[in-house]
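At position 176 of the sequence shown the residue is numbered 176 (the UniProt record's numbering), and the sequence of numbers has no breaks. Don't be surprised by glycine CBs; every beta carbon is placed ideally from N, CA and C.
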Amino acid sequence: MGRIYARWELIAAVWLAVLILSALAATAAFRWRRSRSHPAPLRDSVAEAALFVGTLPWLVLMVWPTVDATRVELVPLRDLAAQLGDDPIAAAIQITANLVVFAPLGFFGPIRWPALRSWPRLALLGFGGAALVELTQFGLRLGRVSSVDDVLLNGGGMVLAAVLSRRWWASRPAGSDRSGAGRNRRHPARSAPLG
């Protein structure tokens with residue numbers, strides 16, 4: 001139980017540091033974009049900050065070494081079923097945490113970057129990024145379980161978060177944020193960007 005608390009203390013410390021740095025960076029980015037007549041300075045600056053605040057602490061935790069033995073689980077749902085059988089509460093926390101890891105990227109990424117407004121690209125980034133994290137855990141021998149279940153949950157969490165934010169990015173086709181003027185003439189009802 002002490003290790004669980006130590007992990008949450010680590011997340012809290014990293015989260016606070018990232019929050020402060022992201023707030024400063026977002027403020028500077030907003031001012032810079034506004035001075036250059038960017039079409040949505042507030043939206044883009046907030047999306048970038050939220051993405052880092054929501055993702056970076058979890059990634060730090062995922063590559064933080066533990067004293068456990070490094071192992072690999074390649075059979076889908078086997079690791080998850082074992083966790084649920086051993087300790088359902090700890091398993092529920094683990095499932096939720098795995099769903100949240102890439103959720104900020106799935107939620108804010110398409111809002112910020114038009115290139116991510118594609119379901120195949122989102123899925124590739126989510127599942128590919130999750131697989132890269134698991135391979136890193138195994139390659140660095142961090143004392144963690146590199147599991148296909150984690151890849152499924154991390155990538156699935158990113159895609160689900162993109163579903164939740166779809167209303168803010170689906171009406172903006174890829175490339176529409178490059179110039180606010182053309183979009184405003186064609187769609188006056190949707191022309192007011194955040195910021």
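Boundaries (first-last residue) of the beta strand (DSSP E) holding residue 147: 145–147
Candidates 153, 9, 16, of which the one nearest residue 92 by Cα: 153
Outcome for residue 106 when other beta-carbon atoms lying within 10 angstroms are tallied against a minimum of 16: buried
Extent of the continuous beta strand (DSSP E) run through residue 71: 71–73
Sequence ranges, alpha helix (DSSP H) only - wholly within the region 37–106, length at least 4: 41–62, 78–86, 88–100
Contact under 8 Å by Cβ, residue 46 with residue 26: yes
Residue 113 - DSSP class collapsed to helix/strand/coil: coil
Sufficient close CB pairs (3 or more, under 8 Å) joining the region 58–78 to the region 127–138: yes
Classification of residue 96 by the beta-carbon crowding that lies within 10 angstroms, buried from 16 upward: exposed
Whole-angstrom C-beta distance between residue 144 and residue 68, which should lie under 8 Å: 7 Å
Which of helix, strand or coil DSSP assigns to residue 118: coil
Counted within 10 angstroms of its Cβ, other Cβ atoms place residue 161 as buried (16 or more) or exposed: buried
Nearest-angstrom beta carbon gap, residue 158 and residue 128 [assumed within contact, 8 Å]: Contact doesn't hold; Cβ gap of about 10 Å is too wide.
Nonlocal neighbours in the same chain, by C-beta distance under 7 Å from residue 72, ignoring five residues either side: 138, 146
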